[in-house]
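Asks: Encoded as structure tokens, here's the structure I'll be asking about.
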Amino acid sequence: MKQTQFNFSRRTFLKTAAAATAFPEIAIAEPSGREPLRELPYASVQLTGGPFKQHYDAIHAHYLALDNDRLLKVYRQRAGLPAPGADMGGWYDLNGFVPGHALGQYISGLARIGSSTGDHACHQKVHDLVSGFGATLGPENQSILRPPPNPKPNLWPCYILDKHFVGLIDAATLSNVAEARGLLDRVLEGAKPLLPEKGRDRIGKKKPPYDETYVMPENLFTAHEVTGNPVFRELAIRYLLDRELFDPLSRNQDPFPGQHAYSHAIALSSAGKAYLALGDAKYKTAIQSAFTLLTTQQQYASGGWGPNETFITPHRGELYDSLSTTVDHFETPCGSYAATKLARYLLRFTADSRQASQYGDNLERVLFNTILAAKAPDSNGDYFYYSTYSPSAEKVYYPSKWPCCSGTLVQTVADYPVNIYFQAADHNGVYVNLYTPSQAELKVGSAAVQITQETEYPAKDTIALHIRPAHPTRFTVHLRIPAWLTQAAVIAVNGKPAAVVASPGTFAAVTRTWHAGDRIDLTLPQSFRTEAIDEQHPETVALMRGPVMYVALNPANNLSKDRLALPGSLKPLASQAFTENYGGHQVIFVPFYQVQNDTYTTYFNRA
Ligand SMILES: [Zn+2]
0 MKQTQFNFSR RTFLKTAAAA TAFPEIAIAE PSGREPLREL PYASVQLTGG
50 PFKQHYDAIH AHYLALDNDR LLKVYRQRAG LPAPGADMGG WYDLNGFVPG
100 HALGQYISGL ARIGSSTGDH ACHQKVHDLV SGFGATLGPE NQSILRPPPN
150 PKPNLWPCYI LDKHFVGLID AATLSNVAEA RGLLDRVLEG AKPLLPEKGR
200 DRIGKKKPPY DETYVMPENL FTAHEVTGNP VFRELAIRYL LDRELFDPLS
250 RNQDPFPGQH AYSHAIALSS AGKAYLALGD AKYKTAIQSA FTLLTTQQQY
300 ASGGWGPNET FITPHRGELY DSLSTTVDHF ETPCGSYAAT KLARYLLRFT
350 ADSRQASQYG DNLERVLFNT ILAAKAPDSN GDYFYYSTYS PSAEKVYYPS
400 KWPCCSGTLV QTVADYPVNI YFQAADHNGV YVNLYTPSQA ELKVGSAAVQ
450 ITQETEYPAK DTIALHIRPA HPTRFTVHLR IPAWLTQAAV IAVNGKPAAV
500 VASPGTFAAV TRTWHAGDRI DLTLPQSFRT EAIDEQHPET VALMRGPVMY
550 VALNPANNLS KDRLALPGSL KPLASQAFTE NYGGHQVIFV PFYQVQNDTY
600 TTYFNRA
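For the sequence shown, numbering that gives the first Met the number 0 begins at 0 and goes up steadily by one.
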């Protein structure tokens with residue numbers, strides 16, 4: 000996302016932050032200190048190979064191939080315009096669950112992919128969809144949100160507006176669609192009569208109201224930066240979910256049990272953005288504490304959470320219970336969108352090597368085992384929704400076409416490039432957070448620096464980084480050393496061992512005067528380990544190798560009941576395939592992200 004511009008005086012910060020909350024003590028961070036690490040712009044990073052690039056290319060092609068007339072049909076119908084093309088089906092149509100809901104997310108994802116790849120076809124499609132959407136706004140500027148003659152109870156204005164905003168923001172800032180800025184103001188104008196006076200929490204997964212005011216502040220803050228329209232900022236502050244979510248989190252209380260999982264997890268991005276925009280440290284503390292709660296109490300080994308879309312009550316063995324009571328374990332594209340954005344906000348807020356490494360480790364876990372593991376969509380609106388972790392499972396499509404996860408799939412995958420590198424705000428260093436073939440350009444000190452990463456990780460343990468400053472420049476390359484290592488990481492510079500500390504669970508700092516052609520070789524020896532599903536069931540484990548969750552392929556029915564000698568008895572079979580002799584036949588273990596159509600088992604009983 001665009002780097003934040005800070006145009007407000009300190010007094011304005013204090014005033015608005017005070018108005019935003021009844022919390023008596025507000026710690027205001029100076030703008031310069033809020034974000035010690037910065038994301039690189041999409042345009043500065045390209046994927047060049049490996050599993051993320053393969054997934055990214057497939058998603059790029061899939062969304063580029065969606066038919067514009069079909070995507071705009073329900074918008075045109077509601078505007079009384081000619082509406083050629085076939086119905087989309089599922090959630091998306093006039094009588095669907097949430098008509099037209101994901102259009103803004105498709106626009107957003109295509110703009111992000113266009114920005115990183117330079118693909119003109121993406122930008123053209125973004126332009127055409129924005130222009131087609133603009134033509135449906137009408138005199139009330141409400142487009143599809145115009146209340147129908149007989150209002151249906153499930154018209155979700157905030158849910159859909161949030162997606163319109165993000166699509167228009169990305170179209171304006173990443174695809175240079177000039178019309179999009181003006182449309183942001185018009186959509187806001189049209190939204191005013193539809194928006195509730197106060198923010199409200201969603202009551203639940205099954206009970207209305209579904210509409211989620213609290214998912215909007217992140218994009219409202221950004222829309223204010225893009226347009227300068229102060230109403231966006233006022234609304235952003237109004238809809239922050241302080242009382243129910245951020246206040247308890249900042250006081251170290253746990254507001255999650257029983258809450259709808261995705262909408263509250265994505266609301267954490269709004270707190271991240273609120274910290275950047277307002278400087279109130281409450282929001283930073285809140286998402287730091289949310290990260291701890293999610294990763295220590297809610298999370299499966301994959302990095303997913305929220306069985307049946309609901310956060311569990313911890314310490315009761317509910318994650319274990321979920322293996323036999325549901326197959327809806329993690330709402331994958333939506334949940335991974337929330338989890339990856341949360342981790343990136345947290346990385347941006349700290350230069351502490353241990354903290355940052357923790358966020359980076361979990362980001363890597365979520366990327367490999369949730370979004371990368373999503374079943375590929377088909378061409379007719381069938382999308383992957385829930386990851387299933389119960390025995391002998393299959394990856395299946397959601398029963399309704401064009402669900403919410405079709406919108407977050409393209410956005411999460413489009414964000415792959417911005418997870419890889421971060422830049423120190425003082426321009427004195429670069430952080431390599433994700434190991435995957437890629438290239439990046441950034442400014443370090445006064446020099447333009449190009450970084451190229453070559454690796455077959457996680458299939459292999461070695462990573463090569465080529466550093467090319469425009470002229471010799473002294474700076475630090477920070478390398479994430481994962482906490483799961485059981486053998487020492489090895490770092491060499493230009494073929495010679497580097498004298499740097501590389502403790503697991505930190506970023507190792509390699510500082511020198513870099514010359515064009517310098518090379519870093521990093522070895523991260525991956526080994527197998529098991530992770531228990533929860534503290535009540537230490538013998539029920541998932542199999543991990545480095546950041547990657549392995550599952551048993553086409554398992555025998557009783558595999559999950561018998562006891563396996565994991566991980567000690569595993570033998571290599573092929574690259575990223577391992578086998579254990581079980582009851583006279585071979586059980587094959589492969590990364591969960593490689594499974595498409597086979598059945599698989601995720602959790603086992605340890606011998
Ligand atoms: Zn979803």
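Beta carbons: idealized from backbone N, C-alpha and C, even for Gly.
The structure displayed is predicted, hence computed values, not measured ones.
1. Under 8 Å: do the region 48 to 63 and the region 118 to 128 share three or more Cβ pairs, one atom per stretch?
2. Nearest by alpha-carbon distance to Lys-459: which of Val-547, Ala-515, Arg-511, Ala-469 is it?
3. Starting from the C-beta of Thr-411, find all residues in its chain whose C-beta is less than 7 Å away, skip the five residues before and the five after it, and write them out in chain order.
4. Quick check: the region 278 to 294 against the region 585 to 592, are at least 3 beta-carbon pairs closer than 8 Å?
5. Relative to ligand 1, is the shortest distance from any of its heavy atoms to the C-beta of Glu-34 smaller than 6 Å?
6. Tell me the start and end of each unbroken alpha helix (DSSP H) in the region 263 to 306 that is at least 4 residues and wholly inside, in chain order.
7. Look at the alpha carbon of Ser-268 and the alpha carbon of Ala-177, and state the distance between them as a whole number of angstroms.
8. Give, in chain order, every unbroken run of the beta strand (DSSP E) that is at least 3 residues long and sits entirely within the region 489 to 569.
9. At the level of alpha carbons, what is the spacing between Pro-402 and Val-448?
10. In chain order, what residues of the same chain lie with their CB nearer than 6 Å to the CB of Phe-348, ignoring the 5 residues before and after it?
11. Just the residues with CB closer than 7 Å to a heavy atom of ligand 1, in chain order, which are they?
12. Using the beta-carbon count (16 or more within 10 Å), is Ala-235 buried or exposed?
13. Let's see if you can read the secondary structure: which residues bound the beta strand (DSSP E) around Ile-58?
14. Which one of Ile-450, Val-443, Ile-490, Gln-535 has the shortest CA to CA distance from Thr-461?
15. Report buried or exposed for Lys-197, applying the criterion of at least 16 other Cβ atoms within 10 angstroms of its Cβ.
16. Starting from the C-beta of Asp-301, find all residues in its chain whose C-beta is less than 6 Å away, skip the five residues before and the five after it, and write them out in chain order.
17. Could you tell me the alpha carbon to alpha carbon distance between Leu-464 and Phe-577, rounded to whole angstroms?
18. Can you tell me which of the three DSSP states His-477 falls into?
19. With a CB to CB cut of under 7 Å and the five nearest residues on each side skipped, what residues in its chain are close to Val-44?
20. For Pro-503, which residues from the same chain have a beta carbon less than 6 Å from its beta carbon, with the 5 sequence-adjacent residues on both sides left out?
21. Kindly give me the distance between the Cβ atoms of His-426 and Lys-400, rounded to whole angstroms, as I take these residues to be in contact under 8 Å.
22. For Pro-306 versus Ser-321, is the C-beta spacing smaller than 7 Å?
23. From Ala-179 to Gln-104, what distance separates their C-alpha atoms?
24. Rounded to the nearest angstrom, what separates Ala-17 and Leu-183 at their Cα positions?
25. Roughly how many whole angstroms lie between the Cα atoms of Gln-123 and Gln-452?
26. With distances taken Cα to Cα, identify the nearest neighbour of Thr-291 among Ser-130, Asn-251, Ala-515.
27. Tell me whether Ala-190 is buried or exposed, calling it buried when 16 or more other Cβ atoms sit within 10 Å of its Cβ.
28. Helix, strand or coil: how does DSSP classify Glu-579 here?
29. Is Phe-607 helix, strand or coil when you go by DSSP?
30. So for Lys-442, helix, strand or coil by DSSP?
Replies: In this structure, then:
1. yes
2. Counted from its first residue, the sequence shown places residue 459 at position 460. Comparing Cα positions, the closest option is Val-547.
3. Here residue 411 is taken as the residue at index 412 of the sequence shown, counted from 1. Taken in chain order, the residues that qualify are Pro-332, Ser-335, Tyr-336, Thr-339, Ile-370.
4. no
5. In the sequence shown, residue 34 corresponds to position 35, counting from 1. Incorrect: Glu-34 has no Cβ contact closer than 6 Å to ligand 1.
6. 280 to 292
7. For this step, residue 268 is matched to residue 269 along the sequence shown. For this step, residue 177 is matched to residue 178 along the sequence shown. Answer to the nearest angstrom: the Cα atoms are 27 Å apart.
8. 489 to 492, 505 to 513, 517 to 522, 527 to 533, 536 to 544, 547 to 552
9. Within the sequence shown, the letter at position 403 stands for residue 402. Within the sequence shown, the letter at position 449 stands for residue 448. Taking the straight line from one Cα to the other gives about 41 Å.
10. As a first step, residue 348 is located in the sequence shown; it is residue number 349 there, counting from the start. Lys-283, listed in sequence order.
11. Tyr-261, Glu-330, Pro-332, Cys-333, Tyr-384, Pro-402, Cys-403, Cys-404, Thr-407
12. Here residue 235 refers to the residue found at position 236 of the sequence shown. Classification of Ala-235: buried, given that the 10 Å Cβ count is 16 or more.
13. The residue labelled residue 58 in the question sits at position 59 within the sequence shown. Ile-58 -> not in any beta strand (DSSP E); alpha helix (DSSP H) instead, spanning 49 to 63.
14. Counted from its first residue, the sequence shown places residue 461 at position 462. Closest by alpha carbon: Ile-490.
15. Reading the sequence shown from its first residue, position 198 is the one you call residue 197. So Lys-197 ends up on the exposed side.
16. As a working mapping, residue 301 is identified with position 302 in the sequence shown. It is worth fixing the name first, because residue 301 is Ser in this sequence and not Asp. Cβ neighbours of Ser-301 beyond the five flanking positions: Asn-368, Thr-369, Met-548.
17. By one-based count along the sequence shown, residue 464 stands at place 465. By one-based count along the sequence shown, residue 577 stands at place 578. Whole-angstrom Cα-Cα distance: 29 Å.
18. Locating residue 477 in the sequence shown gives position 478, counting from the first residue. Three-state result, His-477: strand.
19. Residue numbering aside, residue 44 sits at position 45 when the sequence shown is read from its first letter. Result list for Val-44: Ser-115, Pro-416, Val-417, Ile-419, Tyr-420, Ser-437, Ala-439, in chain order.
20. The residue you call residue 503 lines up with position 504 of the sequence shown. The residues are Ile-480, Ala-482, Leu-484.
21. Your numbering for residue 426 matches position 427 in the sequence shown. Your numbering for residue 400 matches position 401 in the sequence shown. Contact flag wrong, Cβ pair sits at about 47 Å.
22. Translated into positions along the sequence shown, residue 306 becomes position 307. Translated into positions along the sequence shown, residue 321 becomes position 322. Yes, the Cβ-Cβ distance between Pro-306 and Ser-321 is below 7 Å.
23. Here the question's residue 179 lines up with position 180 in the sequence shown. Here the question's residue 104 lines up with position 105 in the sequence shown. Those two C-alpha atoms are separated by around 14 Å.
24. Along the sequence shown, read from residue 1 onward, the residue named residue 17 stands at position 18. Along the sequence shown, read from residue 1 onward, the residue named residue 183 stands at position 184. Low local confidence applies: a pLDDT of 39 at Ala-17 is under 50, so the model's placement there is unreliable, with the coordinate-based value given in what follows. Each residue's alpha carbon lies about 27 Å from the other.
25. Sequence index remark: in the sequence shown, residue 123 carries index 124 (1-based). Sequence index remark: in the sequence shown, residue 452 carries index 453 (1-based). One C-alpha to the other measures close to 30 Å.
26. Here residue 291 refers to the residue found at position 292 of the sequence shown. Considering only alpha carbons, the answer is Asn-251.
27. Position 191 of the sequence shown, counted from the first residue, corresponds to residue 190. Classification of Ala-190: buried, given that the 10 Å Cβ count is 16 or more.
28. Mapped onto the sequence shown, residue 579 falls at position 580. Looking at Glu-579 - three-state DSSP - the assignment turns out to be strand.
29. The chain is shown only over 0 to 606; residue 607 falls outside these bounds and no answer can be derived.
30. Working through the sequence shown from its first residue, we reach residue 442 at position 443. Correct three-state label for Lys-442: strand.
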